[in-house]
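For the sequence shown, UniProt numbering assigns the number 1 to the initial residue and increments by one for each residue that follows.
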Amino acid sequence: MALWKFGKKKERDSQEDRTTSAEDEESDVMGELEGDGESRTAGYPTLKTDDYDDRGEEFGPWDVDDDNVPDDDDYIDLGAYLLPVVPGMELRVKANRATRQVVGCIVSYGRSSLEIEPFAAPKTLGLWDDVRDDLVRGNAKSTEVPGVFGSEIALPVSDKSGRVLHTRIVGVDGPRWMLRGIFSGPAATTDGDEAAVLNRFFASIIVVRGDDPLAPRDLIPMHPPLTPQQRRDSEDGDGAQKDAGDEAKPTIPGKPTGPFDSDQQTEVKSTLSRGPMFSEVR
């Protein structure tokens, strides 16, 4: 994984693996994410219900083509989705150890964390109902409950030491995509400040599905994080790329050219069926 901190000074984590491209970008990311103490996120739902039918109207997660999508100028770009900058929050990027392809990310705030993964979905039907049913059938200790993003799953998970970790799994369907979030720590079991911050963060994410032909449950291709300044530089190249027109396209380091290989897709799909907790794809 690669580690960034929003609104804090750079700190090395020697216990975590880093992708080469992310390691090269880390100092630039750290410098730009020194915040002014104000969150750049919009509103978020607070009423717990079984259905979340109003996505894209007042609250997100958003699709990049929604009419009411927030301004993303200050968002971090990971390809499949754009993330807001929240001071005091850490961002860890998950990568396939063999291919170094980005496959998701985890944000941490206080003692809580949120794992975020974007999946392709059918054109006409949502995916979360089926995924949720699979998770409930595959985990005897799981409980389906109303949540601020519709029906969610409360699932206790035991770590290697036998300690029980409580998780809250949410899913939101958008146009040809599903965004899954796994909350852990206090944000999974209480309605306190950490849950409010991470709920607001999840509701502020902007999904960029793209036009790649992907099967339902395929992970939408991602790339290493680009900060707001890096995004602006890649779009205009300090004026050079604008002058060159279509002949000079922005270059995104580590950006995949299409769907993941079959072995990686199989691992992602089986994870969706058997359980929610994984931090890297081997």
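Virtual Cβ for every residue (Gly too), placed ideally from N, Cα, C.
Query, Result
"Assigned exposure category for K160 - 16 Cβ within 10 Å defines buried", "exposed"
"T227 versus S158: straight-line alpha-carbon distance, rounded", "35 Å"
"Rounded C-alpha distance that separates L219 from G174", "14 Å"
"Beta carbon of G150 nearer than 8 Å to that of D211", "no"
"Check whether G79 and P216 have beta carbons under 8 Å apart", "no"
"The region 83 to 90 in contact with the region 186 to 196 per 3-pair CB rule at 8 Å", "no"
"Whole-angstrom distance between S234 and T143, CA atom to CA atom", "45 Å"
"Three-way DSSP call (helix, strand, coil) for A203 in this model", "helix"
"Inter-stretch contact at 8 Å, needing at least 3 Cβ pairs: the region 122 to 137 / the region 165 to 172", "yes"
"C-beta contact flag for A121 and W177 at 8 Å", "yes"
"Among L179, G147, S112, A140, nearest to P156 - alpha-carbon criterion", "A140"
"Beta-carbon gap between S112 and A203 smaller than 8 Å", "no"
"Helix, strand or coil at D63 [DSSP, three-state]", "strand"
"Short Cβ contact (8 Å threshold) for R180 with Y44", "no"
"E115 vs I206 beta-carbon contact at 8 Å", "no"
"Whether V164 touches I153 by CB criterion (8 Å)", "no"
"Three-state secondary structure assigned by DSSP to S234", "helix"
"Residues near F59 in its chain [Cβ-Cβ closer than 8 Å; skip 5 each side]", "A42, G43, Y44, P45, A203"
"Residues bridged to H166 [DSSP beta-bridge criterion]", "P156"
"Contact set for D74: own chain, Cβ-Cβ below 8 Å, skip 5 residues either direction", "R40, P84, V85, P228"
"Alpha-carbon to alpha-carbon, D66 and V197", "23 Å"
"Buried versus exposed, by CB contacts within 10 Å (16 or more), residue 288", "In the structure as shown, the chain starts at 1 and stops at 282, and residue 288 therefore has no counterpart that could be examined."
"DSSP beta-bridge partners of P118", "L179"
"Under the three-state DSSP convention, the category A95 falls into", "strand"
"V145: first and last residue of the uninterrupted beta strand (DSSP E) it sits in", "143 to 145"
"Inter-residue CB distance, T49 and P146 (contact presumed, cutoff 8 Å)", "5 Å"
"Rounded C-alpha distance that separates L47 from Y109", "22 Å"
"For T49: DSSP bridge partner residues", "G147"
"Simplified DSSP assignment, three categories, for G110", "coil"
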